[in-house]
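Single-structure report; data block below.
Numbering (UniProt numbering), first residue to last: 1 to 326.
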């Protein structure tokens with residue numbers, strides 16, 4: 001007999017990564033554009049700062065696929081392998097929608113360049129004193145970590161911190177990723193949004209061990225904001241707040257995705273962050289079919305999600321890597 005609970009979980013796990021890519025692709029055409037300066041996004045459109053075709057995605061999805069491929073290959077978080085894959089993306093366009101690296105964040109670029117010069121230290125961080133930047137470049141790629149460790153929230157939260165530290169070592173980045181991993185696991189396990197976002201549950205899990213700005217978001221700062229008060233730049237704290245604002249106010253994946261990307265500015269990344277939690281909560285089947293079907297390379301993205309969720313064979317990995325290198 002079919003296991004309905006397992007089928008639902010797998011649908012949510014797939015939705016988490018596909019949701020990331022969909023949100024990224026929806027926001028790509030209006031990235032860097034101030035709110036209100038563009039025609040509202042209703043679906044994929046071509047153009048934007050990188051002149052992408054409709055349904056193509058940016059660095060958010062590329063880095064998530066690099067992370068996912070590393071977790072599949074190594075069966076665990078492996079800092080060296082993961083940084084090598086980011087380096088391949090940066091230098092050779094590995095896991096890019098266009099075959100070249102574009103839209104790379106400053107902090108990520110510096111981390112990769114330092115890795116090329118100095119390698120990785122034993123803590124799994126490229127360089128621990130780099131705490132002057134608190135961008136959203138790790139939060140945007142978190143889904144593969146949460147999918148891989150979805151059975152154990154403690155492992156997921158710890159791996160989220162380790163994943164972030166590869167490129168973003170500021171405490172605000174680390175803590176935002178820890179909180180978001182916790183929320184992603186709750187989104188997989190609850191059908192009530194109030195339970196997913198429950199401030200009391202977050203506070204009980206993390207106690208006082210959070211940066212105060214991240215803790216404010218965890219306590220629900222986004223609930224009181226109207227759209228004009230939401231900040232959608234690349235700062236990790238406000239990025240998390242903006243994505244949770246869209247999720248909190250939405251009744252469907254589609255509604256929230258439009259809320260997120262129409263905030264403008266760092267629209268692709270706000271969309272990608274939103275897409276992770278919305279996809280985990282509502283599931284893959286709740287994402288509008290045209291957005292899935294018209295998403296560039298959607299088969300590879302769903303394959304990565306499924307292999308992370310269920311395990312894989314050597315043959316499947318070989319096919320995945322071969323596809324990614326073309």
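Here a beta-carbon is modelled for each residue, glycine too, at the ideal position from N, C-alpha and C.
Check	Outcome
List in chain order: all unbroken alpha helix (DSSP H) runs of 4+ residues lying wholly within the segment 246 to 290.	253 to 261, 267 to 282
Quick check on this structure: which residue in 49, 205, 12, 119 has the alpha carbon closest to the alpha carbon of residue 219?	205
To the nearest angstrom, how far is the alpha carbon of residue 70 from that of residue 267?	27 Å
Can you find the residues in the same chain that come closer than 6 Å, C-beta to C-beta, to residue 201, ignoring five residues on each side of it along the sequence?	none
Taking its Cβ as the centre, do 16 or more other Cβ atoms sit within 10 Å of residue 334, making it buried, or is it exposed?	Coverage of the chain is limited to positions 1 through 326, which leaves residue 334 absent and any answer about it impossible.
Taking the DSSP output, what are the residues bridged to residue 212?	Residue 212 pairs with nothing; no bridge assigned.
Roughly how many angstroms lie between the CA atoms of residue 55 and residue 258, to the nearest whole one?	15 Å
Report the residue ranges of all alpha helix (DSSP H) runs contained in full by the segment 147 to 231; include only those spanning at least 4 residues, in chain order.	153 to 165, 171 to 189, 193 to 196, 199 to 206, 212 to 218
Give the straight-line distance between the Cα atoms of residue 265 and residue 149, rounded to the nearest whole angstrom.	32 Å
Whole angstroms are fine: how far does the CA of residue 303 sit from the CA of residue 10?	12 Å
How would you label residue 276, buried or exposed, when you count the other beta carbons within 10 angstroms and need 16 or more for buried?	buried
Can you list, in chain order, the residues of its chain with a C-beta nearer than 6 Å to that of residue 48? Leave out the 5 residues immediately preceding and following it.	28, 29, 31
Considering only the beta carbon of each residue, do residue 280 and residue 63 sit closer than 7 Å?	no
Nearest by alpha-carbon distance to residue 41: which of 25, 51, 50 is it?	25
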